[in-house]
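These notes concern the structure reproduced below.
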Amino acid sequence: MIMIDIIQLLPDHVANQIAAGEVVQRPASVVKELMENAIDAEATTITVIIKDAGKTLIQVTDNGAGMSTTDARLCFERHATSKIKKAEDLFNLHTKGFRGEALASIAAIAHVELKTRQEETDLGTHITIEGSKVTSQEPAVLPKGTTISVKNLFFNIPARRNFLKSDAVEMRHIIDEFHRVALAHPDISFILMHNGNDVFTLPSTNLRQRIVHIFGRRTDEKLVPVSEETPILKINGFVLKPEYGKKSRGEQFFFVNNRFIRNSYLHHAVCAAFEGLIKTDVHPGYFIYLEVNPESIDINIHPTKTEIKFDDEHSIYAMLRASIKHSLGQFNIAPVLDFQRQNELDTPYEYSRKQSLSIPTIEVDRDFNPFKEDKGGGHFSGPSFKKVPSATWEALYTQQNFERQEQRVEFEVPSKVGLFEQQPVEVNHRSFQFQNKYILTPIKTGLMIIHQNFAHQRILYEEFLKNITVKEAISQQLLFPLDLHFSRPDIRIIQKVKEQLEQIGFVFANMEADMVSIAGIPVMVIESQVSTLLEHMIHAISEEIPDDNFALNDRLAKSLSESMAVKSGVTLNEEEREDLINRLFACKEPTVSPANKPTFRVLEPEEFDKKFM
Ligand code: ADP
Ligand code: MG
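Be aware that the sequence shown starts at 1117, since it is given in my numbering, and climbs by one per residue.
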C-alpha cells in the first residue's frame, strides 16, 4: 500500500490572512487595534484620520515611544510582540495588546505604511507593506512616535470587502470603538477626523469632562457619581439618573482595568441597582470603571477581547449593585413612579382639577360607522371610509403619556353597559377599555379587540409618512426657541433628516456643531417631548442609516409614531376610543402596526360558545 502525505504547512501570508478574519472584521477593528497600540506605546496624543468610513484610509498617529528599525520590520510578523515574554506574563497584563497578531493580520489584507521614530535616534523608519510583502523600507526624517496608515482594506479579499456595510454604518462602528478607547483614557487627547471633517476633538481631561465632551453638554446634569473601594475591587464612574434611561440600550460602558468589556452578569448587577427606579423595559445608562488585580481576571477567552472572566464574579456583582444603589440613594433619587401599578388603583387626585383642564374639541362623525356591512369590498378598508377630521386629538394623549403624573383617571361606568341593557342586534358604537390597553367593541361578526398602542402607531405612522412625502404638516411656533444639545454625530443625523422633519412641522432656527435651536414644532407634539422624541429618532436611525430615501422616511415615521403613540396604561374616554377606531379604519393598512404586529383581533361568537359547553 502506498501512503500519500497530504499535510502541508500553510505559507505565512495565508496563515496571516486566516488570522485576519478573526482580528479584522471591519474597519472599526483596525481603528481599535491601532489606537490600542498607540496607548500601549504611552502616547499622550492620538489622531485618527478616516476616509470613506475606513474603506479607503485609516490612519493613526501617536507621539508614543516609536520603534527601532528592526522592530518596525518585526512588528508585522505573527506572534511578534514586545508585551509578553513568557507564559506567566499572560496572567499579569498591563497592556491592551499581547497576542502580537494585529499588525500581521492587518498587513495581510491591506496596503500598510508605517512611519516611526524613537526619541533616541535621529532618523526614523518608513516601511510599506502590501498583502504581507514588504515593498519598500527606507530611513526618514520623522517626528517622535508612530504613524500607521492602512489603505484599501480587504483589497485582496473581495468577498470581505463586498460584505462591508454602507459608509454610515461602518462609521458608526468606528465611532463606537473610538468612544470606548477615548472613555477608557480621559488623560490622553484624541482627535477623530472623517473625510476632512473634525468629528471629535477631545482634550486631555478628567472622566466627567470626557463623557461630556463625547456625549454633549446636556450629559453633565444627568450623571450620578459612583465610587467604592474594597480590597479586591475599586469601582469608579457614573450612572445616568434613572429618568434618563432609554428604551434602547444607550450609553452602557464597562471598563475593567481601563479596557472596555461586555459582561451580561455585571450589566444585570447595574440593572438590579436600578430596580424600582425605572420601568422594566427601560435601560439604565452607565460608565463604570472597575479596577481589579490583573491576576484575578482572564481576558483571553475571546479573540477580540471584549469579554472577560473574573475569579470572583459573585462578590463583584454584589459590590457593584450595592455601590450604585448607595449612590442613587445619596443623590436623592427616590422612586419617581411605580410604573407597574395598575392605574385603576390610583387615587383620582387629578379628578377634581379635571374640569378646569381645557380639553381640545373633537369632531366626531356620529353617523360614521366603520363596521357597517353594506360598504362593499373588503372589510375595514377602501376609500368608502370617510376620514375623521383630524382634531387636536393627539395633544390630548401625548400630554398624558409623557406627563404621566398628570394622567386623568377615569372610571368605566358599568351602568352604561349593564347586563340588562338591550343590545341592538345590528352594530353598536359602544366600546370599552380593558386593562387600559385594549379597546373592546362588539361587531357583527364577533368581539373586536384593538390594541390601543399598536393601533395608534399605525395611525400616526401613515400620517407622518404622508406629511413627509406629500403634504406638509402645520407647525406651531414656540414662544422661545428651544435649544437642545447633541453630540456632533447626532447633529449630523438630524441634519440628514432635517428636510423630512421640516415637512412634519419642525422649524429649525439654527444648527450648530453640537446644538440645534428649534423655533417651531408639529402641532401634535408638546414642547417637553421634543428632546425625547429626537433622541429616540436619532437612535432609531443611527443604528443603520438607510441609504435610500424611502427606507429613511419609513424609519423616521416608525420611530416618531412609536414615541408618540398613546401607550398601554393610558385611560381613554369614549370619544377618544371612538376616534381611535375611526382613524384606524381610515388607514391604508389598518390591520398591522408599523412593526408588523396585529392592531386588532376579532373573537368569534363560537369561541365564546365553547367556553360555555
Ligand atoms: P500586540 O499589540 O499584541 O503586541 P501588535 O501586532 O498590535 O501586537 O503589535 C506588535 C508590536 O508592534 C507591539 O508589541 C509593539 O511592540 C509594536 N507596536 C505596534 N504599534 C506600535 C506603536 N504605535 N508604537 C510603538 N510600538 C508599536
Ligand atoms: Mg496591538
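Quick reminder that beta carbons are idealized off the backbone N, C-alpha and C, glycines included.
To the nearest angstrom, report how far apart residue i and residue j are at their CA atoms.
i, j, result
"lysine 1704", "lysine 1674", "15 Å"
"phenylalanine 1624", "histidine 1655", "20 Å"
"alanine 1181", "lysine 1260", "7 Å"
"aspartate 1695", "alanine 1667", "29 Å"
"alanine 1438", "asparagine 1626", "44 Å"
"glutamine 1645", "lysine 1231", "51 Å"
"serine 1591", "leucine 1617", "11 Å"
"asparagine 1179", "leucine 1406", "27 Å"
"glutamate 1588", "valine 1613", "15 Å"
"proline 1176", "alanine 1159", "One detail in the question is off: residue 1176 reads as valine in this sequence, not proline. So the alpha carbons of these two residues sit roughly 11 Å apart."
"isoleucine 1174", "aspartate 1283", "13 Å"
"alanine 1226", "proline 1638", "49 Å"
"leucine 1382", "leucine 1280", "32 Å"
"serine 1677", "isoleucine 1657", "14 Å"
"glutamate 1193", "alanine 1218", "10 Å"
"asparagine 1208", "leucine 1150", "22 Å"
"arginine 1333", "leucine 1600", "9 Å"
"methionine 1730", "isoleucine 1559", "Given that the chain is displayed from residue 1117 to residue 1729, the structure contains no residue 1730 and the question cannot be resolved."
"serine 1380", "leucine 1436", "13 Å"
"histidine 1430", "alanine 1385", "10 Å"
"glutamate 1229", "aspartate 1168", "18 Å"
"glycine 1445", "aspartate 1238", "58 Å"
"valine 1682", "methionine 1653", "17 Å"
"isoleucine 1440", "glutamate 1692", "42 Å"
"glutamate 1367", "phenylalanine 1426", "23 Å"
"histidine 1242", "alanine 1188", "8 Å"
"glutamine 1211", "isoleucine 1304", "Correcting the residue identity first, residue 1211 is threonine in this sequence and not glutamine. Straight-line Cα distance between these residues: approximately 15 Å."
"valine 1257", "threonine 1251", "19 Å"
"threonine 1262", "alanine 1131", "26 Å"
"lysine 1171", "isoleucine 1290", "11 Å"
"asparagine 1552", "serine 1603", "37 Å"
"proline 1274", "leucine 1125", "25 Å"
"histidine 1772", "isoleucine 1166", "There is simply no residue 1772 to check, as the chain begins at 1117 and stops at 1729 in what is shown."
"isoleucine 1338", "aspartate 1725", "Here residue 1338 is lysine; the residue named in the question, isoleucine, does not match the sequence. Computed Cα separation, rounded: 55 Å."
"glycine 1392", "glutamine 1611", "37 Å"
If you drop the 5 nearest sequence neighbours on each side, which residues of the same chain put their C-beta closer than 6 Å to that of residue i?
i, result
"leucine 1649", "Ser1679"
"phenylalanine 1270", "Ile1225, Arg1276 and Arg1277"
"aspartate 1490", "Residue placement at aspartate 1490 is poorly supported in this model, since its pLDDT is 38, which falls under 50; the coordinates still yield a value, given next. Contacts found: none."
"serine 1633", "Pro1597, Asp1599, Ala1625 and Asn1626"
"alanine 1389", "Arg1437, Ile1440 and Lys1441"
"alanine 1196", "Leu1190 and Gly1216"
Thinking C-alpha only, which one of the options is nearest residue i?
i, options, result
"histidine 1316", "Ala1226, Gln1568, Met1564 and His1295", "The question names histidine, yet the displayed sequence has phenylalanine at residue 1316. Measuring from the Cα of phenylalanine 1316, the nearest candidate turns out to be His1295."
"arginine 1546", "Leu1150, Asp1283 and Asn1689", "Asn1689"
"glycine 1312", "Ala1298, Lys1395 and Val1164", "Val1164"
"alanine 1144", "Val1408, Ile1222, Gly1353 and Ser1305", "Ile1222"
"phenylalanine 1622", "Glu1628, Leu1598 and Asp1630", "Leu1598"
"leucine 1308", "Asn1153, Leu1125 and Ile1162", "Ile1162"
"phenylalanine 1369", "Asn1208, Val1228 and Gly1401", "Gly1401"
"serine 1265", "Lys1201, Ser1305 and Val1146", "Val1146"
"alanine 1298", "Leu1126, Ala1154, Glu1651 and Val1139", "Ala1154"
"proline 1714", "Ile1565, Glu1254, Asn1669 and Leu1190", "Ile1565"
"glutamine 1568", "Ile1440, Phe1716, Glu1659 and Lys1441", "Phe1716"
"alanine 1300", "Ser1412, Thr1321, Thr1335 and Pro1605", "Thr1321"
"methionine 1640", "Lys1202, Ser1412, Met1631 and Ile1620", "Ile1620"
"threonine 1687", "Asn1712, Glu1651 and Phe1548", "Phe1548"
"valine 1328", "Arg1671, Gly1353, Ile1610 and Glu1723", "Gly1353"
"glutamate 1579", "Ile1348, Leu1672 and Asn1665", "Leu1672"
For residue i and residue j, which I take to be in contact (beta-carbon distance under 8 Å), what is that distance rounded to the nearest angstrom?
i, j, result
"isoleucine 1697", "threonine 1557", "7 Å"
"serine 1343", "isoleucine 1330", "That pair is no contact at about 21 Å."
"leucine 1594", "glutamate 1643", "6 Å"
"proline 1710", "glutamine 1573", "6 Å"
"arginine 1142", "glutamate 1286", "6 Å"
"glutamine 1234", "serine 1198", "With a Cβ gap of about 12 Å, glutamine 1234 and serine 1198 do not count as contacting."
"aspartate 1156", "glycine 1213", "6 Å"
"leucine 1318", "phenylalanine 1306", "5 Å"
Excluding the 5 residues flanking residue i on each side, which residues of the same chain have their C-beta closer than 8 Å to its C-beta?
i, result
"histidine 1129", "Ala1224, Gly1247, Ser1248 and Lys1249"
"alanine 1135", "Arg1194, Glu1217, Ala1220, Ser1221 and Ala1224"
"asparagine 1669", "Leu1581, Ile1584, Thr1585 and Gln1616"
"tyrosine 1554", "Ile1565, Ile1566, His1567 and Gln1568"
"serine 1443", "Val1340, Pro1341, Val1342, Ser1343 and Val1355"
"isoleucine 1607", "Met1627, Glu1628, Ala1629, Asp1630, Met1631 and Val1632"
Near residue i, what residues of its chain come up, given a Cβ to Cβ distance below 7 Å and the 5 sequence neighbours on each side ignored?
i, result
"asparagine 1373", "Glu1407, Val1408 and Pro1410"
"glycine 1361", "Ile1394, Val1398, His1399, Pro1400 and Gly1401"
"glycine 1562", "Val1718, Leu1719, Glu1720 and Pro1721"
"cysteine 1107", "No statement about residue 1107 is possible, as the shown extent of the chain runs from 1117 to 1729 and does not include it."
Residues with C-beta closer than 5 Å to any heavy atom of the ligand MG, in chain order: By the rule of a C-beta closer than 5 Å to any heavy atom of the ligand MG, the residues picked out are Asn1153, Gly1213 and Ala1218.
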